[in-house]
Amino acid sequence: MQAITFSTVSILLVNLLLLGSCDKEDTPSTTSTSGSIVIDASDAGKWVYFSFEKDTLVTVSNYKSSMEWDMGFHLFDIRLNGGTAGLGQGASFATGSTRFQEVVLAPEKGYAFNDFVEVAVDLSVIPPVTEVVPGDTLLSSWITMTYGASGPEFHFSDEVFVVRTANGNYAKVWLKDFFNDEAQLGYVTLQYLYQADGSRNLAE
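Per this note's numbering, the very first residue in the sequence shown carries number 8; after that it's consecutive.
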């Protein structure tokens with residue numbers, strides 16, 4: 008039997024210490040949730056809310072006092088649970104990247120908070136009736152609308168954003184589309200990866 012020397016034990020201890028000291032931002036996580044969902048935000052008279060923690064749409068009676076939601080959708084308008092729109096820590100960051108897989112780490116600072124956005128609340132008349140409500144101006148820039156000869160035209164930025172959730176965790180999101188399979192507008196396709204362990208690790 009091979010004898011275990013003091014130097015061998017020392018090496019083992021050093022290796023264990025090095026492994027234990029690794030920054031959790033650099034270690035693969037098994038606590039992330041990823042997916043894609045088509046959100047029906049076509050009703051101009053209401054907002055629809057999504058929870059990353061519950062990984063589903065949620066019913067919210069009062070968005071300003073609820074911690075049950077993270078992102079709110081209304082047509083192509085977006086709000087987060089924080090700032091002017093809620094009690095949470097919600098905020099957004101534009102990564103400048105259009106490649107979802109390349110965004111692997113949420114930044115520590117530089118986030119934008121909800122301000123106010125002008126939204127259409129009645130589309131039955133032209134021009135539509137609008138009102139100013141709490142919303143995220145940065146995230147709402149994911150799509151722009153112009154008017155062409157055949158009517159409104161929509162242009163997607165394809166930018167990947169980092170979202171800080173109501174409870175202070177992080178997710179990366181890609182707002183991919185505004186139409187369903189029947190070419191009806193107001194159906195937002197959201198691709199996301201949510202990190203539930205509190206780290207900034209957004210690697211897939």
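Ideal Cβ placement from N, Cα and C applies to all residues, glycine included.
Close beta carbons around residue i, own chain, < 6 Å, minus the five adjacent residues each side
i, result
"Gly193", "Ala48, Ser49, Leu82"
"Phe59", "Asp77, Thr172, Ala178, Tyr201"
"Phe107", "Val167, Trp181"
"Gln96", "Gly89, Arg171, Gly175"
Limits of the beta strand (DSSP E) - the one that residue i falls within
i, result
"Ala92", "No beta strand (DSSP E) holds Ala92; DSSP gives it neither H nor E."
"Ile44", "39 to 47"
"Arg171", "167 to 171"
"Tyr56", "55 to 58"
Proximal residues to residue i (C-beta, below 7 Å), its chain only, five neighbours per side dropped
i, result
"Asp129", "Ala51, Pro135, Val136"
"Lys183", "Thr196, Gln198"
Buried/exposed call for residue i, threshold 16 Cβ in 10 Å
i, result
"Leu94", "exposed"
"Gly205", "exposed"
"Ala113", "buried"
"Leu87", "buried"
"Ser39", "buried"
Supposed contact pair residue j and residue i - C-beta distance, whole angstroms, cut 8 Å
i, j, result
"Asp62", "Gly89", "Actually they are not in contact, since the Cβ atoms of Asp62 and Gly89 sit about 20 Å apart, beyond 8 Å."
"Asp188", "Gly142", "Wrong, their Cβ atoms sit about 27 Å apart, outside the cutoff."
"Phe123", "Val110", "Rounded, the Cβ-Cβ distance is 27 Å, inconsistent with contact."
Sequence-distant residues of its chain with Cβ nearer than 8 Å to residue i (five each side left out)
i, result
"Glu115", "Arg207"
"Glu160", "Met152, Thr153, Tyr154"
- Using 8 Å as the Cβ pair cut-off and three pairs as the minimum, do the region 71 to 90 and the region 168 to 178 touch? The region 71 to 90 is in contact with the region 168 to 178.
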